Amino acid sequence: MNNTQRKSGESQRSTPSDTALRTLYLEALQLVERLHRRLLDVVKDEFDRNGRSDINAIQALLLFNIGNAELTAGELRSRGYYLGSNVSYNLKKLVELGFISHERSRTDRRSVRVSLTEKGTEVAELVAGLYERHVASIEHVGGIKAEEFQSMNKALQRLDRFWNDSIAYRM
1 MNNTQRKSGE SQRSTPSDTA LRTLYLEALQ LVERLHRRLL DVVKDEFDRN
51 GRSDINAIQA LLLFNIGNAE LTAGELRSRG YYLGSNVSYN LKKLVELGFI
101 SHERSRTDRR SVRVSLTEKG TEVAELVAGL YERHVASIEH VGGIKAEEFQ
151 SMNKALQRLD RFWNDSIAYR M
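The UniProt record's numbering applies: residue 1 is where the sequence shown begins, and numbers increase by one.
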């Protein structure tokens with residue numbers, strides 16, 4: 001039996017709860033993708049309102065996530081601070097624009113550690129201010145309570161763990 005036959009046989013045996021789970025799973029995937037794009041739009045809008053066109057939303061979020069830390073490019077990716085494949089390009093660009101300083105590690109000369117400059121800290125603080133305004137109004141305006149965020153975050157963490165396991169165990 002080939003994969004196509006196996007998949008069609010599996011779908012014929014689906015239960016109503018399997019169908020409901022499939023629908024909810026696919027909807028969640030779409031929402032995760034849409035929310036990430038929407039967050040980038042929100043950050044871009046904040047920078048537009050502040051007359052900042054010198055940096056894009058992805059770079060601004062990267063600066064916010066670095067914060068006061070001194071990290072390597074690998075640490076940025078492994079800690080989930082950067083969502084993309086071209087972290088080196090954006091780091092190089094941020095160094096060129098004066099938002100990030102970089103220094104070779106004393107212990108491993110192949111490794112470069114990055115940290116924010118004063119200019120980079122200004123951007124990180126702009127994003128932090130945006131988030132603080134959201135926190136102040138999200139319950140009243142958005143109708144989302146702390147308990148709902150706790151449930152949502154727990155579910156997203158479990159989904160993240162599931163996907164990690166899918167990769168690690170080739171599920």
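Think of the CB as a built atom: it goes at the ideal place given N, C-alpha and C, for glycine as much as any other residue. Predicted, not measured: the structure shown is a model, and the values here were computed from it.
Separation of residue j from residue i, as counted between CA atoms
{"i": "Arg6", "j": "Leu116", "result": "Its pLDDT being 47, under 50, Arg6 is placed unreliably by the model, and the measurement read from it follows with that caveat. C-alpha separation (whole angstroms): 53 Å."}
{"i": "Lys44", "j": "Asn153", "result": "24 Å"}
{"i": "Glu118", "j": "Glu125", "result": "10 Å"}
{"i": "Arg110", "j": "Arg104", "result": "7 Å"}
{"i": "Gly9", "j": "Val32", "result": "The predicted model places Gly9 with a pLDDT of 48, which falls under 50 and marks its position as unreliable; any figure quoted below should be read in that light. Approximately 30 Å, taken between the alpha carbons."}
{"i": "Met1", "j": "Ala136", "result": "For Met1, the predicted model reports a pLDDT of 48, less than 50, meaning its position is unreliable; a value from the coordinates is still stated below. One C-alpha to the other measures close to 57 Å."}
{"i": "His140", "j": "Ala146", "result": "12 Å"}
Beta-bridge partners of residue i, as assigned by DSSP
{"i": "Leu116", "result": "Ile100"}
Own chain residues within Cβ distance below 8 Å of residue i, not counting five before or after
{"i": "Ser14", "result": "Arg22"}
{"i": "Ile138", "result": "Ile144"}
{"i": "Leu40", "result": "Ala57, Ile58 and Leu61"}
Residue i and residue j closer than 8 Å at C-beta
{"i": "Val66", "j": "Val114", "result": "At residue 66 the sequence reads Ile, which differs from the Val that was named. Yes, the pair counts as a contact, with Cβ atoms nearer than the cut-off."}
{"i": "Asp54", "j": "Leu97", "result": "yes"}
Residues near residue i by beta carbon distance below 7 Å, same chain, minus five either side
{"i": "Leu71", "result": "Arg113 and Val114"}
{"i": "Val123", "result": "Ile55, Ala60, Leu63 and Phe99"}
{"i": "Asn90", "result": "Ile58, Gln59 and Leu62"}
{"i": "Asn50", "result": "Leu126"}
Sequence-distant residues of the same chain with beta carbon closer than 6 Å to residue i, five excluded per side
{"i": "Gly120", "result": "Leu63, Phe99 and Ile100"}
Chain C within 8 Å of residue i, Cβ atoms only
{"i": "Pro16", "result": "Of the protein chains in this structure there is only one, and it is not chain C."}
* Asked: Counting only runs that start and end within the UniProt domain "HTH marR-type" (25 to 161), where is the alpha helix (DSSP H) found for 4 or more residues in a row?
  -> 57 to 66, 73 to 78, 87 to 96 and 118 to 137
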